[in-house]
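2 protein chains.
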Amino acid sequence: MQPFDTRTAILDVSARLYADLGYSAVSMRDVAGVVGVTSANLYHHFKGKDELIREALAHVFTQKTAPLAELLERPDVTGERLEAFVDHFVRLLVEDRVFFRLLVRELVDGDGVRLRDLVQSVLEYPFRLVVGLTDPQQPEGERVLMAVSILGIILGHVQLAVLLPYLPGGQPEHADSSVITRHVSAVLRRVLDGTAESI
Amino acid sequence: MQPFDTRTAILDVSARLYADLGYSAVSMRDVAGVVGVTSANLYHHFKGKDELIREALAHVFTQKTAPLAELLERPDVTGERLEAFVDHFVRLLVEDRVFFRLLVRELVDGDGVRLRDLVQSVLEYPFRLVVGLTDPQQPEGERVLMAVSILGIILGHVQLAVLLPYLPGGQPEHADSSVITRHVSAVLRRVLDGTAESI
DNA sequence: GTCTATATTCCGATAGAC
DNA sequence: GTCTATCGGAATATAGAC
């Protein structure tokens, strides 16, 4: 642990550039240039480009998922765990552009191994919570589908937000995390209350 | 118009490779090799890589959106226009892997100009329909947010489907278009009926 | 309209000095 | 741990013959 850890700096820069440009468009020279070292130095810290990007992904995902897990481990005393989860997840996706873009990129480009890693490091925990919010009297398959719908509506909402300036009636304010959180919470509460008292 | 139009073949191959690999990972040599011509030939039909990919996108989007527009222009006599729309849109995203991946890639990588093109060629029409399905007594902003939620839940559901094999309780059958259509239709019907009789 | 051949730049990766 | 120097190959793009 040094005051300025070169390896960590490389991981941070790699994650940001990969999130913005994608795997093939970010070169080892680019990363090195932003960090302020030579590209040869990158090969001292990492075996190659594949390993660098893979570790950068794990670096960001483990970093950003910890607070979410902490939230989910708190007991639900107010019955507003759904709102708290939506608020936190929307805020994470809207306000952390790097995290959001890494997530979407993995969903579209990830192979089987990387998708399983993504689930285990980021999505499995919130997924279990959301399944727990669905009607326990429904069969397992229905509850899984409902959980996917809930996570999907949040992801889709954030993803479509970039189109709002070009959609008829769309205002950029509709992409604010507070607006999205309020709206999605209301929709989900209506859906969940229609099936069971799940709080 | 020739029996085998080289230009059209180039556009089809470009769209497929770009959908699978992304902009930087698909080379002019790759496209030419699959089509069965030389890369120099591509520069006779298109000014460069940028123009090729841009025209390939427009080629696919205008092609695949026509049936959707046709559906939306039919009068809603049975009151099941929502179900018909969900069915068609889910089927399009699930069964046409090229279209789906192009759409997601544009959402994550597109700049202002390309996003506006995407809206005008693909999303504006279904968006107007979905706005029409929401409660007319709600203010415009609320109806827009609801429409984004409806499109978003479909997009998010299809997008998260790749994770189902790795999620607890997830079954690959949950990614079938018929299963997604039935589930999403039921959820949306519940949400929309909670606000107004919109049929 | 399609080809061969090539110019130029950039890429990932390595060797070896310090 | 960081550097200079460089290799071999692949990228976009062009010139010009057929």
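First to last, the protein sequences are chains H and C. Note that the working numbering has the first sequence beginning at 15, numbered continuously upward. Note that the working numbering has the second sequence beginning at 15, numbered continuously upward. C-beta: ideal position from N, C-alpha, C; glycine also.
CB contact flag (residue i, residue j, <8 Å)
| i | j | result |
| --- | --- | --- |
| G183/C | V145/H | yes |
| L6/C | L129/H | What is shown of chain C runs 15 to 213, which leaves residue 6/C out entirely. |
| V201/C | I167/C | yes |
| L132/C | G124/C | yes |
| A33/C | R119/C | yes |
| G62/H | H188/C | no |
| V205/H | V193/C | no |
| S163/C | H171/H | yes |
| S191/H | V112/H | no |
Counted within 10 angstroms of its Cβ, other Cβ atoms place residue i as buried (16 or more) or exposed
| i | result |
| --- | --- |
| E65/H | exposed |
| R233/H | Nothing in the structure corresponds to residue 233/H, since chain H is present only between 15 and 213. |
| E92/H | First, the residue type needs correcting, since residue 92/H is Thr and not Glu in the sequence shown. Exposed, by the Cβ-count rule. |
| Q151/H | exposed |
6 Å CB neighbourhood of residue i in its chain, flanking five on each side removed
| i | result |
| --- | --- |
| A46/H | T52, S53 and L56 |
| S195/H | The residue you asked about is not Ser; residue 195/H is Thr in the sequence shown. Correct list, in chain order: V100, D101 and V104. |
| F114/H | L107 |
Beta-carbon proximity list for residue i, same chain, < 8 Å, skipping 5 on both sides
| i | result |
| --- | --- |
| Y139/H | T79, L82, A83 and L86 |
| P186/C | L178 and P179 |
| T20/H | V49, V51, N55 and H59 |
Supposed close pair residue i, residue j - CB separation, criterion 8 Å
| i | j | result |
| --- | --- | --- |
| A70/H | L25/H | 5 Å |
| L159/C | H197/H | 5 Å |
| S38/C | A39/H | 4 Å |
| V48/C | L35/C | Actually they do not touch by this definition, with Cβ atoms about 12 Å apart. |
Reference residue i, options the options, closest by Cα
| i | options | result |
| --- | --- | --- |
| R68/H | R43/H, L137/H and S28/H | S28/H |
| T22/C | G50/C, P153/C and G36/C | G50/C |
| F60/C | M42/C, D149/C, Y180/C and V48/C | M42/C |
| L96/H | L165/H, Y180/H and F18/H | L165/H |
| D90/C | L31/C, L147/C and D19/C | L147/C |
| L181/H | G126/C, F18/C and F114/C | G126/C |
| G208/C | D149/C, P179/C and H58/C | D149/C |
| R203/C | L137/C, L106/C, E94/C and V122/C | E94/C |
Spatial neighbours of residue i in its chain, beta-carbon cut-off 7 Å, leaving aside the 5 residues before and after
| i | result |
| --- | --- |
| T76/H | S135 |
| D44/H | L31 |
| D110/H | K78 |
| G161/C | Note on residue identity: the sequence assigns Ala, not Gly, to residue 161/C. Excluding residues within five positions, the ones whose Cβ falls inside 7 Å are F141, V144, V145 and T148. |
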